[in-house]
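A.B. asks: Heads up, the numbering used here is the position in the sequence shown plus 390, with the first residue counted as 1.
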Amino acid sequence: MISTKSFSKNKVNLIQESVDQRTHRFTINDGRGYFLDRNGELLSTDVKPQVVVFPNLFTSNWPVATIGNILQIPAEDVAKMIGQLKKPSALSLQKELSLDQMNDINKLEIPGLYAQLVTRRKPIPFANHIIGAVGQDPDLIKRKYGDKLEKGTVTTSTKTGKNGMQYTFDPFLISEGETQYIYHVDRQGHPLLGLDVKYRSQTNPLYPLYVKTTIDKKMQETVENALDVHGIKDGGAVLLDIESNELLSMASRPLFTSKTIFNHGNNMTSQQIPGSVFKIVTAAAAIEENRVQNEKKYDCSLNIYGEKDERQLGNLNVEDSFAQSCNKTFGELANEMIRTNPDFIEKYAEKMGLLHYNGWQGEVYHLNSFTHFYQEELGQIYSSKKKHSHYQSSLAVSQTAIGQLDVKITPLAVANMMATIARGGERYEVKAAKSVNFANGTELIEFEDHTAGDQKLSSYTMMRLQSLLLNVVKNESGTGHALQALPFQVAGKSGTAEKGEGNSLNNKWFAGYFPAEQPRFALVVVDLKHDKTNRTIPVFADIANEIMNDANKSEHK
């Protein structure tokens, strides 16, 4: 009687609960903002034309035959479907409604029968990790919007972003009110206030907001399909536009469902062991520090332990060692450099952007550290659990220089490094969104380009790195030579990383850019459960080939 609006320790609004108990409703749109791709196509929502029925209002006077004719199904099937409904629902139709059919249904002006474009949200395979999922989470709402809860603008049942861009952009997307059909019933379920079904929607025409992302829907489909066709079950791919440094596609495996949202994180923004991809850093340091002697050769029939290697590559110079991914060469180079510069590995990894956040970050209104990427992880060279002296032995230096031991970096950071090299050294943060807009299209926020640090390597070093990456594919013995079969030139680096004792599966990478002469796209493919089947290069080839074919077609239109 006293605390009707805030009853018990759970702060239950008894008046609201009473109204809800006597209200039948069908939600047409939850009022939450949405995502568009770079060309204006919907990404985050599933909008379908549907016929909504309030079964309590169904009577023998409904023109079932006319409804059946419009829907192109027998009248008895219409009556049967409606008779099976227990609450306001959409009819389960075999064929999707046309706009003309929707208009014809609404022209009948039958109370309790409405045709509408209905929005449905559920975790979907497409752009699963980068876009993320939406759901009810009272605890999360309380943590993020406690002040709004007190003001009544948000409730604990309001849907919120749980991961991905749905989470990071949640302050702009959270619903200002649902669009619903509602009607009230008495205790027996009979309509109150006559047969009046009310249409309730947001009062502000500028909402909901929408985010125009940098993602290309067609390219995202290409990447997702290639991963699935070649059976990458744990891993993923990142595709960047080199000129704008915008994210075109990001896909991670395994996918999550509504029940496993927090069991399967985004592998593309999480730390992974890079293996030989990290030799790019060691090579950059050696070039910059003038340690590369073209005539000097290294015994690549030995491994970093000084033992006979399973690959008998013979004596190779630095360029061929890079192309064929000889560990011995880069272990020796690293041990030479560390004598005069003990922190060189960390220094150059930082210069290449591998230890930083690579996604767009900045201040947006009252949000001080707004970011485009959900829970992006920093890279690491050394484990914080081990003393620095642990890494000073010759073997530890060699292992670190070839991307083993405790080296971990994100595929997003590697993709950004490839784009930086392709551009000749200019490093930018990766954007996943272009802008946030009002419902009428007016721009609320534009995300400007952000340069990422001023620790640039020399243009000569960048030129030499470009040559090394190109040779990986052009060299007949190069680890990426299979990509030479493509109708355009690719530059890149492969990597295989051992995960440690007791794990028979390795990490397999291919990171590169194309076309090498005039770089347009940077692409990283990772297989985190690599057995003896090399999937990364075929996936890279399929994605690159389709991307270039589509790009060439659009240019010729």
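A virtual CB, placed ideally from N, CA and C, is assigned to each residue, including glycine.
1. Quick check on K532: buried or exposed, where buried means 16 or more other Cβ atoms within 10 Å of its Cβ?
2. Below 7 angstroms CB to CB, which residues in the same chain sit around H620 once its five sequence neighbours on both sides are set aside?
3. Residue ranges of each beta strand (DSSP E) run of no fewer than 3 residues wholly in the stretch 720–779, ordered along the chain?
4. Among the candidates H946, A455, Y747 and N939, whose CA atom is the shortest distance from the CA of Q770?
5. CB-CB under 8 angstroms to I933, same chain, minus the five flanking residues each way: which ones, in chain order?
6. Give every residue of the same chain whose Cβ lies closer than 8 angstroms to the Cβ of P464, excluding the five residues on either side of it in the sequence, and list them in chain order.
7. Going by the DSSP bridge assignment, what does M640 pair with across the sheet?
8. By the DSSP assignment, the alpha helix (DSSP H) with Q856 in it spans what residues?
9. Starting from the C-beta of Q506, find all residues in its chain whose C-beta is less than 7 angstroms away, skip the five residues before and the five after it, and write them out in chain order.
10. Does E566 come within less than 9 angstroms of chain C when only Cβ atoms are used?
11. Could you give the first and the last residue of the continuous alpha helix (DSSP H) run that contains H519?
12. Tell me which residue opens and which closes the beta strand (DSSP E) that E833 is part of.
13. Is it a yes or a no for the stretch 754–769 touching the stretch 556–564, going by three-plus beta-carbon pairs under 8 angstroms?
14. In this structure, how does DSSP classify V880 when only helix, strand and coil are distinguished?
15. According to the Cβ coordinates, are S1011 and I799 closer than 9 angstroms?
16. V587 by DSSP, collapsed to three states: which one?
17. Are the CB atoms of Y600 and A674 nearer to each other than 9 angstroms?
18. Look at T550 and G525 and say whether their C-beta atoms are less than 9 angstroms apart.
19. Which class does Y535 belong to by DSSP, given the choice of helix, strand or coil?
20. In the DSSP assignment, the beta strand (DSSP E) including R701 goes from what residue to what residue?
21. Looking at the unbroken alpha helix (DSSP H) that takes in R813, where does it start and where does it end?
22. Where N806 and L795 are concerned, what is the direct C-alpha to C-alpha distance, given to the nearest angstrom?
23. Would DSSP call Y597 helix, strand or coil?
24. Just the C-alpha distance for N594 and K824, rounded to the nearest angstrom, thanks.
25. Below 8 angstroms, can you find three or more Cβ-Cβ pairs linking the stretch 715–723 to the stretch 774–792?
26. According to DSSP, what are the bridge partners of D689?
27. Pull up the DSSP beta-bridge partners for L873, would you.
28. Secondary structure at A906, three-state DSSP: helix, strand or coil?
29. Going by CA-CA distance only, name the one from I520, F444, V454 and K476 that's closest to T761.
30. Answer yes or no: do S634 and T604 have a C-beta to C-beta separation smaller than 9 angstroms?
31. For the stretch 840–853 against the stretch 813–822, are there 3 or more C-beta pairs whose distance is under 8 angstroms?
32. Assign L596 to one of two classes, buried (16 or more other C-beta atoms within 10 Å of its C-beta) or exposed (fewer than that).
33. Looking at the unbroken alpha helix (DSSP H) that takes in T926, where does it start and where does it end?
C.D. replies: Quick look at the numbers:
1. Around the beta carbon of K532, fewer than 16 other beta carbons sit within 10 angstroms, so the residue counts as exposed.
2. Excluding residues up to 5 positions away in sequence, R925, P928 and V929 lie with their Cβ nearer than 7 angstroms to the Cβ of H620 in the same chain.
3. Counting whole runs of 3 or more residues, the stretch 720–779 contains the beta strand (DSSP E) stretches 751–754 and 757–761.
4. When only C-alpha atoms are compared, the closest one is Y747.
5. Same-chain partners within the cutoff: T612, V613, A616, A627, L629, L913 and V915.
6. Same-chain partners within the cutoff: G458.
7. Answer by DSSP bridge pairing, in chain order: V628.
8. Here the alpha helix (DSSP H) through Q856 covers S849 to K864.
9. These residues qualify, in order along the chain: I418, Q440 and V442.
10. Among the protein chains of the structure shown there is no chain C, as only one such chain exists.
11. N518 to I521 is the extent of the alpha helix (DSSP H) around H519.
12. Per DSSP, E833 belongs to the beta strand (DSSP E) from E833 to E836.
13. Below 8 angstroms, enough C-beta pairs join the stretch 754–769 and the stretch 556–564 to call them touching: three or more.
14. Taken through DSSP and simplified to helix, strand or coil, V880 comes out as coil.
15. Missing from the structure shown is residue 1011; the chain here goes from 391 to 947 and no further.
16. If DSSP states are grouped into helix, strand and coil, V587 belongs with coil.
17. The answer is no: Cβ separation not under 9 angstroms.
18. Yes, Cβ-Cβ distance for T550 and G525 is below 9 angstroms.
19. Helix at Y535.
20. Counting along the chain, R701 falls outside any beta strand (DSSP E), and DSSP gives it neither H nor E.
21. It spans P801 to R813 - the alpha helix (DSSP H) in which R813 sits, taken as one unbroken run.
22. Pairing N806 with L795, the inter-Cα distance amounts to about 23 angstroms.
23. In the structure shown, Y597 sits in coil (DSSP, three-state: anything other than H, G, I, E or B).
24. N594 and K824 have their C-alpha atoms some 24 angstroms from each other.
25. The way I'd put it, the stretch 715–723 does touch the stretch 774–792; three or more beta-carbon pairs between them come closer than 8 angstroms.
26. In DSSP, D689 forms a bridge with N705.
27. L873 pairs with nothing; no bridge assigned.
28. Looking at A906 - three-state DSSP - the assignment turns out to be coil, as it is neither helix nor strand.
29. With distances taken between Cα atoms, T761 lies closest to I520.
30. Yes, the Cβ-Cβ distance between S634 and T604 is below 9 angstroms.
31. Flag = yes, the stretch 840–853 and the stretch 813–822 touch.
32. That one is exposed.
33. Segment T926 to H946, the alpha helix (DSSP H) holding T926.
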